[in-house]
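Trainee:
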Amino acid sequence: MVLFAVSQNKLEPVSETSYVNEAILERKHLQGLLKQHIAPLGDDLMVLCDEFSNWQDSSRRIDILCLTKEAQLAVIELKRTEDGGHMELQAIRYAAMVSSMTLDQAVLAHSHYLNDDPERAKKEILEFLEFDTIEEVELSGDVRIVLAASNFSDELITSVMWLNKSGLDITCIRLKPYKLDGKVLIDATQIVPLPEAMDYTIKIREQSREKSKVKTARQEIFKKFWAQLIERSIAKKISLLANRSTSTDHWISAGIGRAGFWLSISLTEDRTRVECYISVKEGEQASLAAFKKLYDQREALEAKFGASLDWQELPGRKGCRICRDLDGGWRTPEADWPAMQDAALDTLVRLEAALRGPIQQIG
Numbered sequence: 326m327v328l329f330a331v332s333q334n335k336l337e338p339v340s341e342t343s344y345v346n347e348a349i350l351e352r353k354h355l356q357g358l359l360k361q362h363i364a365p366l367g368d369d370l371m372v373l374c375d376e377f378s379n380w381q382d383s384s385r386r387i388d389i390l391c392l393t394k395e396a397q398l399a400v401i402e403l404k405r406t407e408d409g410g411h412m413e414l415q416a417i418r419y420a421a422m423v424s425s426m427t428l429d430q431a432v433l434a435h436s437h438y439l440n441d442d443p444e445r446a447k448k449e450i451l452e453f454l455e456f457d458t459i460e461e462v463e464l465s466g467d468v469r470i471v472l473a474a475s476n477f478s479d480e481l482i483t484s485v486m487w488l489n490k491s492g493l494d495i496t497c498i499r500l501k502p503y504k505l506d507g508k509v510l511i512d513a514t515q516i517v518p519l520p521e522a523m524d525y526t527i528k529i530r531e532q533s534r535e536k537s538k539v540k541t542a543r544q545e546i547f548k549k550f551w552a553q554l555i556e557r558s559i560a561k562k563i564s565l566l567a568n569r570s571t572s573t574d575h576w577i578s579a580g581i582g583r584a585g586f587w588l589s590i591s592l593t594e595d596r597t598r599v600e601c602y603i604s605v606k607e608g609e610q611a612s613l614a615a616f617k618k619l620y621d622q623r624e625a626l627e628a629k630f631g632a633s634l635d636w637q638e639l640p641g642r643k644g645c646r647i648c649r650d651l652d653g654g655w656r657t658p659e660a661d662w663p664a665m666q667d668a669a670l671d672t673l674v675r676l677e678a679a680l681r682g683p684i685q686q687i688g
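Here the sequence shown is numbered in the numbering used here, starting from 326 and rising by one per residue.
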């Protein structure tokens, strides 16, 4: 890839450089920058800690250990080299070593990262995963691997693509350095899986995992509950969930006709939440501005919805929420599920009807 600068109505190529030439070190500089701003490696990542080394029989260290929105651990392996070396083998070893990590251990690792503040660690993890209590959180058991380097050899890329076909979850991010007017620029580009094929790759991987992994009791509850809810929505001719399949997640989502806005139904132990979540690509302030435009119409929107709504700005988070909580959660006896599902579907339909038009009109 070549970067160009626009200068006096012409394009001028930006010079490539190297981390070695710029005296940018792997641990001191790259790792330090990325742990403060992890987004170049994935917009669904939260940093748990860096230099993780809580092993009994090894002194090896994980560059950065993260958590994904799906409560999945993510091992980040960094290299400043031009070919990546054998970093995929090292990362696989680390992934295997953390695959049995418990939630308590993850909280402890994040607490140490925050200078031994366990309450703050729990709060940040709950907010990131959008759970109310720590008891609701369960690590998925799967581990994502993210390899980041100045470039990758053909051998490494071939190995990663084969490993992904075999069910692993490995992403390669090229962090290519450039220099312009004395400043170092870094172009972060995902090269495996190709972004254009990402949805297909994830779908194939999830199908494989659904067949092979052993579900926990709670996952089985979610899978059964959502299957029944989707069946009831089809019977009621509700199109919002028409193309959805069941899931082992605690939530199920639906579109509302505009990127950055989506509807969902989620379950905790004792409540069902129906919500519209707002998180536009322009960032936190743009999401908040969109939320406030809807909030300015609160009286009319709640009148159309037929009840009051809970309007949550969620300070410090990337998005905002408009929701309605209902009685009953995943611990509710199965005999009571039909009433819960009917109430959730009715609320979802009314929320979509109230918000779809105003959302389309937001400038």
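Glycine included, each C-beta is placed from N, C-alpha and C at the ideal position. Bear in mind that the values here come from a model prediction, so they are computed numbers and not experimental data.
With the cut-off set at 8 Å, would you say L566 and S558 are in Cβ contact?
Mentor: Yes, they are a contact pair.
Trainee: Helix, strand or coil: which one does DSSP assign to E407?
Mentor: E407: coil per DSSP, three-state reduction.
Trainee: Is the Cβ-Cβ distance between R445 and N476 less than 8 Å?
Mentor: No, Cβ-Cβ distance for R445 and N476 is not below 8 Å.
Trainee: What are the partner residues of L375, as DSSP defines its beta bridges?
Mentor: Note on residue identity: the sequence assigns Asp, not Leu, to residue 375. BP columns for D375 point to I389.
Trainee: Mind reading off the beta-carbon distance from T496 to V471? Whole number of angstroms is fine, and I expect it under 8 Å.
Mentor: Going by Cβ atoms, the distance from T496 to V471 rounds to 5 Å, so yes, they are a contact pair.
Trainee: Return helix, strand or coil for G580, following the three-state DSSP convention.
Mentor: It is a strand residue.
Trainee: Short check: CB of I511 to CB of K501, under 8 Å?
Mentor: Yes, the pair counts as a contact, with Cβ atoms nearer than the cut-off.
Trainee: Is it right to say S436 is buried, meaning 16 or more other beta carbons lie within 10 angstroms of its own, or is it exposed?
Mentor: Per the 10 Å Cβ criterion, buried.
Trainee: Pop quiz: C391 and L373 are said to be a contact at Cβ under 8 Å. What is the actual Cβ separation, rounded to whole angstroms?
Mentor: Going by Cβ atoms, the distance from C391 to L373 rounds to 6 Å, so yes, they are a contact pair.
Trainee: Quick check on the DSSP output: the beta strand (DSSP E) that includes W587 runs from which residue to which?
Mentor: Where W587 is concerned, the enclosing beta strand (DSSP E) stretches over F586 to L592.
Trainee: Straight-line CA distance for S589 to K490?
Mentor: Going from the Cα of S589 to the Cα of K490 covers about 30 Å.
Trainee: Could you name the residues that DSSP lists as bridge partners for P338?
Mentor: F329, per the DSSP bridge assignment.
Trainee: Using the three-state DSSP reduction, which class does R598 fall into: helix, strand or coil?
Mentor: The answer is strand: DSSP assigns R598 an E or B state.
Trainee: What residues in its chain sit with their C-beta under 8 Å from that of G641, if we drop five residues either side in the sequence?
Mentor: Taken in chain order, the residues that qualify are E452.
Trainee: Classify G580 as buried or exposed, calling it buried when 16 or more other Cβ atoms lie within 10 Å of its own Cβ.
Mentor: When all chains shown are included, G580 counts as exposed.
Trainee: Does the distance from the C-beta atom of A660 to that of V599 stay below 8 Å?
Mentor: Contact: no.
Trainee: By a C-beta neighbour count over all protein chains shown, 10 Å radius and 16 as the cutoff for buried, is F329 buried or exposed?
Mentor: Per the 10 Å Cβ criterion, exposed.
Trainee: Would you tell me roughly how many angstroms separate the C-alpha atoms of T692 and R649, rounded to the nearest one?
Mentor: No answer is possible for residue 692: it lies beyond the span of the chain, which begins at 326 and ends at 688.
Trainee: Roughly how many whole angstroms lie between the Cα atoms of T393 and Q333?
Mentor: Approximately 44 Å, taken between the alpha carbons.
Trainee: Nearest CA to the CA of R681: which residue from F586, N568 and G409?
Mentor: Of F586, N568 and G409, the residue nearest in Cα terms is F586.
Trainee: For Q361, count the other beta carbons within 10 Å of its own beta carbon; 16 or more makes it buried, fewer makes it exposed. Which is it?
Mentor: Its Cβ having fewer than 16 others within 10 Å, Q361 is exposed.
Trainee: Can at least three beta-carbon pairs, one atom from the stretch 349-367 and one from the stretch 397-404, be found at a separation below 8 Å?
Mentor: Result yes; three or more Cβ-Cβ pairs closer than 8 Å.
Trainee: In chain order, which alpha helix (DSSP H) runs of at least 4 residues are fully inside the stretch 403-478?
Mentor: Taking only runs of at least 4 residues, the alpha helix (DSSP H) segments lying wholly in the stretch 403-478 are 412-423, 428-438 and 443-454.
Trainee: R569 and W655 look like a contact to me (Cβ under 8 Å); what is the Cβ gap, rounded to whole Å?
Mentor: The Cβ separation is near 18 Å, so there is no contact.
Trainee: Quick one: Cα of V539 to Cα of S465, how far?
Mentor: Only weak support exists for where V539 lies, its pLDDT of 40 falling under 50; the coordinates are left without a value.
Trainee: Please state the DSSP three-state secondary structure of T541.
Mentor: The answer is coil: DSSP assigns T541 none of H, G, I, E or B.
Trainee: D635 bridges to which residues according to DSSP?
Mentor: D635 is bridged to C648.
Trainee: Grab the span of the beta strand (DSSP E) containing L673 for me, first residue to last.
Mentor: Element bounds for L673: not the beta strand (DSSP E) but the alpha helix (DSSP H), W662 to Q685.
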